[in-house]
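Right, one structure below, let's go through it.
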Ligand SMILES: Cc1cc2nc3c(=O)[nH]c(=O)nc-3n(C[C@H](O)[C@H](O)[C@H](O)COP(=O)(O)OP(=O)(O)OC[C@H]3O[C@@H](n4cnc5c(N)ncnc54)[C@H](O)[C@@H]3O)c2cc1C
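In the numbering used here, the protein residues as written are 293 to 598.
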């Protein structure tokens with residue numbers, strides 16, 4: 293199907309984009325990678341009258357790390373850039389694991405992390421990853437910039453906290469307080485599929501003790517799920533098998549999967565538990581011993597349904 297008629301604008305500055313959004317009100321939409329918006333328009337689930345294409349706005353295609361370890365991902369940084377980023381190799385194991393699992397190479401070449409957060413699809417992988425890492429989105433509107441913690445930014449399924457005349461200019465991941473470890477596991481029926489179940493885990497440890505933890509779930513509820521209690525249960529202790537099992541039980545307990553053609557709710561809840569155990573076991577002291585280095589490094593991984 294073809295989209296409804298719309299006006300197309302390709303501003304060359306953020307100020308111009310914001311002014312267009314301001315005038316367009318609820319009939320206007322930002323276009324970044326177009327990998328979610330365009331399919332929705334073709335299906336006529338979305339029929340904006342004005343498209344504000346930000347791809348000609350300079351200075352939004354970056355990801356960089358400050359001296360203190362804060363990571364900034366600009367609004368035009370593509371999934372593929374993150375997939376091949378040596379910066380993530382060194383410092384962001386959860387993002388590193390997730391990046392190659394987003395969609396397929398074609399979608400990764402155009403789609404953006406920030407666009408994925410804005411789209412707020414309960415099956416979007418980045419929202420879970422950024423939630424586990426305690427990240428935020430920087431929004432810019434006529435009144436300037438503001439920082440929105442990810443838990444407030446993703447306000448519901450396909451809903452975000454942006455004002456109609458704001459552009460999300462970057463995502464920010466705070467620096468780790470100790471050694472950062474973690475991973476992302478995704479159950480998908482075939483390569484490039486949306487998650488049947490996705491689990492993001494990020495932990496920070498000092499001298500083997502967890503100083504901060506984040507766990508978030510993809511595709512097993514009406515929105516991205518932050519497993520706050522599970523994460524808190526890990527904080528202040530070592531990643532022992534008992535601590536890992538407890539966190540996995542708590543995470544599975546807050547998942548809200550539905551039975552569908554991809555599997556029963558019970559099966560999906562079981563997979564949440566399994567993935568939490570798997571990621572944390574690769575992260576904990578046992579994994580470190582195995583590696584013989586004192587630090588464990590979980591690699592990217594995907595799990596296919598039979
Ligand atoms: C075949 C296919 C498979 C896919 N599989 C997966 C998958 O497995 N996992 C996954 O996570 N995603 C998947 N996606 C979605 C993909 O990751 C999209 O790239 C992403 O959801 C949206 O990013 P985008 O840059 O393309 O945003 P767009 O499509 O351009 O925009 C999406 C929405 O966000 C808004 N928006 C975008 N950027 C901004 C901004 N900077 N400021 C304000 N609003 C903004 C737009 O107005 C629109 O409402 C898939 C998509 C396709 C087509």
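For glycine and all other residues, C-beta sits at the position ideal for the given N, C-alpha and C.
Predicted model only: the values in this text are computed from it and were never measured.
For the alpha helix (DSSP H) containing residue i, name the first residue and the last one.
i: residue 625; result: Coverage of the chain is limited to positions 293 through 598, which leaves residue 625 absent and any answer about it impossible.
i: residue 332; result: 329-334
i: residue 323; result: No alpha helix (DSSP H) contains residue 323, which is instead part of the beta strand (DSSP E) from 320-323.
i: residue 502; result: Note, residue 502: premise wrong, no alpha helix (DSSP H); beta strand (DSSP E) at 501-510.
i: residue 406; result: 405-411
i: residue 538; result: 533-546
i: residue 337; result: Counting along the chain, residue 337 falls outside any alpha helix (DSSP H), and DSSP gives it neither H nor E.
i: residue 559; result: 557-575
i: residue 387; result: 385-390
i: residue 422; result: 417-424
i: residue 530; result: It is not in any alpha helix (DSSP H) - residue 530 carries neither H nor E in the DSSP assignment.
i: residue 317; result: It is not in any alpha helix (DSSP H) - residue 317 carries neither H nor E in the DSSP assignment.
Give me the Cβ distance between residue i and residue j, rounded to the nearest whole Å; I'm assuming they're in contact under 8 Å.
i: residue 503; j: residue 470; result: 5 Å
i: residue 342; j: residue 326; result: Rounded, the Cβ-Cβ distance is 15 Å, inconsistent with contact.
i: residue 465; j: residue 425; result: 5 Å
i: residue 345; j: residue 294; result: Actually they do not touch by this definition, with Cβ atoms about 18 Å apart.
i: residue 352; j: residue 368; result: 4 Å
i: residue 461; j: residue 430; result: 5 Å
i: residue 365; j: residue 405; result: 5 Å
i: residue 500; j: residue 548; result: That pair is no contact at about 33 Å.
i: residue 423; j: residue 508; result: 4 Å
i: residue 479; j: residue 495; result: Rounded, the Cβ-Cβ distance is 21 Å, inconsistent with contact.
i: residue 324; j: residue 332; result: Their Cβ separation, rounded to whole angstroms, is 13 Å, which puts residue 324 and residue 332 out of contact at 8 Å.
i: residue 407; j: residue 395; result: Not confirmed; about 12 Å, so no contact.
i: residue 360; j: residue 467; result: 5 Å
i: residue 393; j: residue 493; result: Going by Cβ atoms, the distance from residue 393 to residue 493 rounds to 14 Å, so no, they are not a contact pair.
i: residue 535; j: residue 522; result: In fact, because the Cβ distance is near 10 Å, the residues do not count as touching under 8 Å.
Taking CB distances under 8 Å as the criterion, tell me whether residue i reaches chain B.
i: residue 326; result: Absent from the structure: chain B. Only one protein chain is present.
Residue i: buried (16+ other C-beta within 10 angstroms of its C-beta) or exposed?
i: residue 568; result: buried
i: residue 398; result: exposed
i: residue 439; result: exposed
i: residue 318; result: exposed
i: residue 551; result: exposed
i: residue 336; result: exposed
i: residue 373; result: buried
i: residue 375; result: buried
i: residue 313; result: buried
i: residue 328; result: buried
i: residue 529; result: exposed
i: residue 304; result: exposed
i: residue 498; result: exposed
i: residue 483; result: exposed
i: residue 310; result: buried
i: residue 556; result: exposed
i: residue 400; result: buried
i: residue 586; result: Residue placement at residue 586 is poorly supported in this model, since its pLDDT is 37, which falls under 50; the coordinates still yield a value, given next. Residue 586 should be labelled exposed.
i: residue 584; result: Residue placement at residue 584 cannot be trusted, given a pLDDT of 43 that sits under 50; what the coordinates show is reported in the next sentence. Counting Cβ neighbours within 10 Å, residue 584 comes out exposed, since fewer than 16 surround it.
i: residue 382; result: exposed
i: residue 560; result: buried
i: residue 414; result: buried
i: residue 411; result: buried
i: residue 581; result: Confidence at residue 581 is low in this model, with a pLDDT of 48, below 50, so its placement is unreliable and the value that follows should be read with caution. Its Cβ having fewer than 16 others within 10 Å, residue 581 is exposed.
i: residue 448; result: exposed
i: residue 296; result: exposed
i: residue 524; result: exposed
i: residue 601; result: Residue 601 is absent from the structure shown; the chain starts at 293 and stops at 598.
i: residue 334; result: exposed
i: residue 553; result: exposed
i: residue 456; result: exposed
i: residue 307; result: exposed
i: residue 545; result: exposed
i: residue 436; result: exposed
The beta strand (DSSP E) with residue i in it runs from where to where?
i: residue 364; result: 363-366
i: residue 345; result: 342-345
i: residue 300; result: 299-301
In the DSSP output, what is residue i paired with across the bridge?
i: residue 452; result: 446
i: residue 431; result: 438 and 460
i: residue 375; result: DSSP lists no partner for residue 375.
i: residue 517; result: 509
i: residue 473; result: 495
i: residue 356; result: 364
i: residue 396; result: BP columns for residue 396 are empty, so no partner.
i: residue 465; result: 363
i: residue 552; result: 555
i: residue 370; result: 404
Self-check item: Contact the stretch 418-438 vs the stretch 536-547: 3+ CB pairs below 8 Å
Solution: Short answer: they don't touch.
Self-check item: Meets three-Cβ-pair contact criterion under 8 Å: the stretch 466-485 and the stretch 378-387
Solution: Yes, the stretch 466-485 touches the stretch 378-387.
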